[in-house]
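This report refers to the structure that appears directly beneath it.
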Amino acid sequence: MRTTLLIRIMRLLGYRTLFAGVAFVTLCGQACADVADGTHMASRSLDDALACQLRAHDFIAPLVDEGLIGPKASRVEDNSVNAFFPVRGADLRAFGFSVIAVVGYQKDDPLFRQGRGKPIGDSAYGVVVMGTTQRVKARAEHAGSPAIVHHVGPLVTAIFCDAQR
Numbered sequence: 212m213r214t215t216l217l218i219r220i221m222r223l224l225g226y227r228t229l230f231a232g233v234a235f236v237t238l239c240g241q242a243c244a245d246v247a248d249g250t251h252m253a254s255r256s257l258d259d260a261l262a263c264q265l266r267a268h269d270f271i272a273p274l275v276d277e278g279l280i281g282p283k284a285s286r287v288e289d290n291s292v293n294a295f296f297p298v299r300g301a302d303l304r305a306f307g308f309s310v311i312a313v314v315g316y317q318k319d320d321p322l323f324r325q326g327r328g329k330p331i332g333d334s335a336y337g338v339v340v341m342g343t344t345q346r347v348k349a350r351a352e353h354a355g356s357p358a359i360v361h362h363v364g365p366l367v368t369a370i371f372c373d374a375q376r
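Numbers 212 to 376, taken from the working numbering, label the letters of the sequence shown in order.
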């Protein structure tokens, strides 16, 4: 079931869009945009939240309140996983890796939209980062995180906290 959830996250983010973004970030990254307009926010670590002790609302709502991610999901998968993307200038980090998407769903919570299919569960959340799966997994394990770490694509890895575990 864990692999199925992560495959759905990969589909949610869209392979073509994701790989085009990877190519741009690899060549230039957020630093190019920040230098161009001078709008760089402070870096925010999500390591503590990825200890998987929270509900999805408690993970995502503070990021919305701080203006680090958009207030509405940019994409919603059939299984109700909502994807929120960092706003321009936001520097979200997970175990030292740059976050390219924040994902989650919590049943009966107005912050999240429900997809057309069966929801993944009552609550689940995570991030998608730029980094090799092996390095991300090593850092997550070193931090003591029970999160699921899964390969999404070249230099793209998902870190996911599933309340059903």
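Even for Gly, the Cβ is constructed at its ideal location relative to N, Cα and C.
Go to residue i, then tell me how far its alpha helix (DSSP H) extends in each direction, as first and last residue.
i, result
"ALA272", "267-276"
Determine the DSSP secondary structure at residue i, reduced to helix, strand or coil.
i, result
"VAL347", "helix"
"ASP373", "strand"
"LEU229", "Here the model assigns LEU229 a pLDDT of 47, short of 50, so the residue's position is not dependable, and the following value carries that caveat. Three-state result, LEU229: helix."
"THR368", "strand"
"CYS239", "Because the pLDDT at CYS239 is just 44, under 50, the model does not fix this residue reliably, and the point stays unresolved."
Where do the N-terminal and C-terminal ends of the beta strand (DSSP E) with residue i fall, by residue?
i, result
"LEU261", "Run containing LEU261: none; DSSP gives neither H nor E here."
"ALA294", "293-295"
"GLN317", "308-317"
"ILE359", "359-364"
"ASP302", "302-305"
"ILE331", "Note, ILE331: premise wrong, no beta strand (DSSP E); not H, not E."
"ARG255", "254-256"
Assuming residue i and residue j make a contact with CB atoms under 8 Å, what is their CB distance in whole Å?
i, j, result
"ALA373", "GLY332", "In the sequence on display, residue 373 carries Asp and not Ala. Confirmed, Cβ separation roughly 7 Å."
"ARG281", "VAL298", "Per the sequence presented here, residue 281 reads as Gly, with Arg not at that position. GLY281 to VAL298, Cβ: 6 Å. Contact."
"ARG350", "ARG304", "So it is not a contact: roughly 11 Å between Cβ atoms."
"GLN317", "ALA369", "Their Cβ separation, rounded to whole angstroms, is 18 Å, which puts GLN317 and ALA369 out of contact at 8 Å."
"PHE295", "ILE271", "7 Å"
"GLY315", "PHE323", "7 Å"
- Inspect the CB distances between the stretch 255-275 and the stretch 356-375 and report whether three or more fall short of 8 Å. yes
- Query: Are three or more beta carbon pairs between the stretch 336-343 and the stretch 310-319 nearer than 8 Å?
  - Reply: yes
- Are three or more beta carbon pairs between the stretch 343-355 and the stretch 280-294 nearer than 8 Å? no
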